[in-house]
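Worksheet for the structure shown next.
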Amino acid sequence: MARQALILVEATRTNGPLYVQAAQRLGLHPITLSADPARYDYLAAESIETIRVDTDNLDALIHECSLLGATYDIAGITSATEPFYATVGKLCRHFDLPGPNPVSIQRCCDKFTQRQLLAQAGVPIP
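Convert by adding 449 to the 1-based position in the sequence shown; the result is the number in the numbering used here.
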């Protein structure tokens with residue numbers, strides 16, 4: 450049986466290490482996909498597997514995750530940073546993993562769209 454991995458799309462200097470530690474506590478191998486892994490000094494310090502990839506390019510992310518899937522059993526895909534939540538949802542759907550609905554995430558993260566939807570639903574907004 451292949452080793453289980455948790456794929457992390459980008460990170461933050463504060464929350465990223467917490468995601469890595471949680472994955473390790475669960476017996477998962479954390480792998481971070483990042484456009485610039487050097488931004489996260491804890492990755493090298495803790496010898497966390499990282500892959501440099503254009504994280505704004507969904508096809509590139511799918512390609513890298515597919516390659517990882519040949520070696521690992523991908524247990525999940527997540528991110529510690531809001532701009533990538535919708536991308537994570539798309540990746541989870543592509544790989545048939547549980548994850549957020551990307552359309553809902555996009556609507557929630559776009560404050561203008563969020564206000565429009567709330568107003569249409571009759572929810573008072575500031």
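Heads up, the beta-carbon is just placed ideally off N, CA and C, and yes, glycines get one too.
All values derive from a computational prediction rather than experimental measurement.
Start and end residues, alpha helix (DSSP H) containing Pro551: Indexing the sequence shown from 1 puts residue 551 at position 102. Per DSSP, Pro551 belongs to the alpha helix (DSSP H) from Pro551 to Cys558.
Same chain, Cβ closer than 6 Å to Leu455, five either side skipped, listed in chain order: On the sequence shown, position 6 is the one that residue 455 refers to. Excluding sequence neighbours, Leu455 sits near Ala472, Leu477, Pro479, Ala524 and Gly525.
Selection from Ala460, Gln555, Asp505 and Phe544 that minimises the alpha carbon distance to Leu517: One-based indexing of the sequence shown puts residue 517 at position 68. Of the candidates Ala460, Gln555, Asp505 and Phe544, the one whose C-alpha sits nearest the C-alpha of Leu517 is Phe544.
Burial state of Val469, where buried means 16 or more other Cβ atoms lie within 10 Å: Counting from 1 along the sequence shown, the entry for residue 469 is found at position 20. Under this definition Val469 is a buried residue.
Buried or exposed (CB count within 10 angstroms, at least 16 for buried), Thr463: Position 14 of the sequence shown, counting from 1, holds the residue named residue 463. Exposed, because fewer than 16 other Cβ atoms sit within 10 Å of the Cβ of Thr463.
Contact the region 504-521 vs the region 533-544: 3+ CB pairs below 8 Å: yes
Run of the alpha helix (DSSP H) containing Ala469, from where it starts to where it stops: For the purposes of this step, residue 469 is taken as the residue at position 20 of the sequence shown. The sequence given here places Val at residue 469; Ala does not occur at that position. Gly465 to Arg474 is the span of the alpha helix (DSSP H), which, as asked, contains Val469.
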